[in-house]
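Each residue of the sequence shown is one higher than the one before, counting from 47 in the working numbering. Report on the following structure.
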Amino acid sequence: MIETLTKTETLLKVENLQKYFPIRKGIVVQKHVGDVKAVDGVSFDIRRGETLGMVGESGCGKSTIGRTILRLLEPTKGTVTFEGKILNDLSGEEMRKMRSQMQMIFQDPYASLNPRMRVGDIIGEPILIHGVSKRAEREKRVRKLLDVVGLSPYHGARYPHEFSGGQRQRIGIARALSVNPKLIVCDEPVSALDVSIQAQVINLLEDLQRDFNLTYLFIAHDLSIVKHISDRIVVMYLGKMVELCNSEELYKNPQHPYTIALLSAIPVPDPTVKRDRIILKGDVPSPVNPPSGCRFHTRCPKVQGICKEQDPEFKDIGNGHFVACHLVN
Ligand code: SF4
Numbered sequence: 047m048i049e050t051l052t053k054t055e056t057l058l059k060v061e062n063l064q065k066y067f068p069i070r071k072g073i074v075v076q077k078h079v080g081d082v083k084a085v086d087g088v089s090f091d092i093r094r095g096e097t098l099g100m101v102g103e104s105g106c107g108k109s110t111i112g113r114t115i116l117r118l119l120e121p122t123k124g125t126v127t128f129e130g131k132i133l134n135d136l137s138g139e140e141m142r143k144m145r146s147q148m149q150m151i152f153q154d155p156y157a158s159l160n161p162r163m164r165v166g167d168i169i170g171e172p173i174l175i176h177g178v179s180k181r182a183e184r185e186k187r188v189r190k191l192l193d194v195v196g197l198s199p200y201h202g203a204r205y206p207h208e209f210s211g212g213q214r215q216r217i218g219i220a221r222a223l224s225v226n227p228k229l230i231v232c233d234e235p236v237s238a239l240d241v242s243i244q245a246q247v248i249n250l251l252e253d254l255q256r257d258f259n260l261t262y263l264f265i266a267h268d269l270s271i272v273k274h275i276s277d278r279i280v281v282m283y284l285g286k287m288v289e290l291c292n293s294e295e296l297y298k299n300p301q302h303p304y305t306i307a308l309l310s311a312i313p314v315p316d317p318t319v320k321r322d323r324i325i326l327k328g329d330v331p332s333p334v335n336p337p338s339g340c341r342f343h344t345r346c347p348k349v350q351g352i353c354k355e356q357d358p359e360f361k362d363i364g365n366g367h368f369v370a371c372h373l374v375n
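Below, the structure is given as structure tokens:
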């Protein structure tokens, strides 16, 4: 994490982003009967050189946001602007070129690497697609990338199944770095790894950020994972943002009842410290038919009458700390 104060220039801006997946029914004629409202009006920016952590339970829309930013999914509404260019306006070919600047690291290192390709070819493929056609030059770059992510040049001749989970994620990181991106969407990059390996991969990502001036959107389902790496954190619930602020502020002074409940679930390494865990009632409601008013009201320990009727505004309570809750002023 580089000093937050130096990070003021906006690299990526997301405005009122919405992604609905239509539900169709019928055998002969398919009728549109509803939508899965995966992302519903989300706005934030990411500053050059920062890591924005994005946290929430499964189904809150965080991975959909990552994919929609890169236009792996087309947004239903809203705009994504990268370095002043509105990505929604780009043609397929223009977007393909733009992807050399915006890469993604996937959650499952087992599934995201082609098992029939050698590691050197997996890392070299994006370099070829984005214009480095000379084989010798590509191979030299692949060897360098293997070294950068802590693997050896001879690993390039092996297949993905010959590696451990942590090593495979390193290969995924090398592939993302191969085209010199400015932004990397890290979609739960350590969730499938053992705890001891998670720290190694997070440290590697931090070193690479410093060395290559990278900007990250770091998606996770657990606040303990994003704490160390993030400059700012956004907490998502059922397709909406409920809290956004500086990482330190979020852990010291959480305001939204959902954030407070998530923080209470983080284990404390000191056995003498007692923490009262807040257990939320029930499951996350369906995004097909989200609750009226505040979407968290069916599980909120502080729910009031107004919460069921009015959607709370996502407002700045000072120093760039945003919260969507009727009880917070
Ligand atoms: Fe809970 Fe109401 Fe605040 Fe929503 S608006 S988080 S239901 S107190």
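Note that beta-carbon positions come from the ideal geometry of N, C-alpha and C, so glycine has one too. Nothing here was measured: the structure is a model prediction, and the numbers come from that model.
Beta bridge pairing from DSSP links M141 with no other residue. Within 8 Å of the C-beta of L373 there is at least one heavy atom belonging to ligand 1. I115 places its beta carbon 9 Å or farther from that of L136.
Note that the region 260 to 280 touches the region 295 to 312; at least 3 beta-carbon pairs, one per stretch, sit closer than 8 Å.
The closest heavy atom of ligand 1 lies less than 8 Å from the beta carbon of V349.
Scanning A220, E129, L118 for the CA closest to the CA of G138 turns up L118. Straight across, the Cα-Cα distance linking P155 with P68 is about 29 Å.
Only residues of its own chain outside the window of five on either side were considered, and among them E61, I132, N134 have a CB closer than 7 Å to the CB of T125, listed in chain order. Pairing G170 with R184 gives a Cβ-Cβ distance under 9 Å.
By the neighbour-count criterion, in which 16 or more other beta carbons inside 10 Å mark a residue as buried, V288 falls on the buried side.
Taking the Cβ atoms as the reference, V280 lies roughly 4 Å from L290, within the contact range of under 8 Å. Counting only runs that start and end inside the region 291 to 337, the alpha helix (DSSP H) elements of at least 4 residues fall at 293 to 298, 303 to 310.
Cβ-Cβ distances below 7 Å link R321 to S310, V314 in the same chain, with the five nearest sequence neighbours on each side left out; the list follows chain order. Comparing alpha carbon positions, the residue from G366, L284, Y304, N375 closest to S338 is L284. In the displayed model, Y205 falls within coil according to three-state DSSP, outside both helix and strand.
Shown here, F258 sits in a helix according to DSSP, grouped into three states. Here N292 has R278 as same chain residues with Cβ atoms under 6 Å from its own Cβ, once five neighbours each way along the sequence are excluded. Note on F258: under 16 other CB atoms within 10 angstroms of its CB, so exposed under the neighbour-count rule. Note on geometry: alpha-carbon atoms of C232 and Q356 lie some 34 Å from one another. In the same chain as K108, and ignoring 5 residues on each side of it, the C-beta atoms closer than 7 Å to its own belong to M100, G102, I265, M282, in chain order. Distances from the alpha-carbon of Q153 to those of P161, K286, H267, I168 put H267 closest. Here L250 is near I219, since their CB atoms are less than 9 Å apart.
Scanning its chain for C-beta atoms nearer than 6 Å, with the 5 sequence neighbours on each side dropped, one finds no residue around V194.
Residue pairing by DSSP puts E61 in a beta bridge opposite T125. Within the chosen limit of 8 Å, ligand 1 does not reach the beta carbon of Y156 with any heavy atom. Note on H302: 16 or more other CB atoms within 10 angstroms of its CB, so buried under the neighbour-count rule. Shortest Cα-Cα distance from R164 to any of K228, I217, V225, Y205 involves Y205. About 5 Å separates the CB atoms of L326 and R345; that is less than 8 Å, so the two are in contact. V188 carries a helical assignment under DSSP once its states are collapsed to helix, strand and coil.
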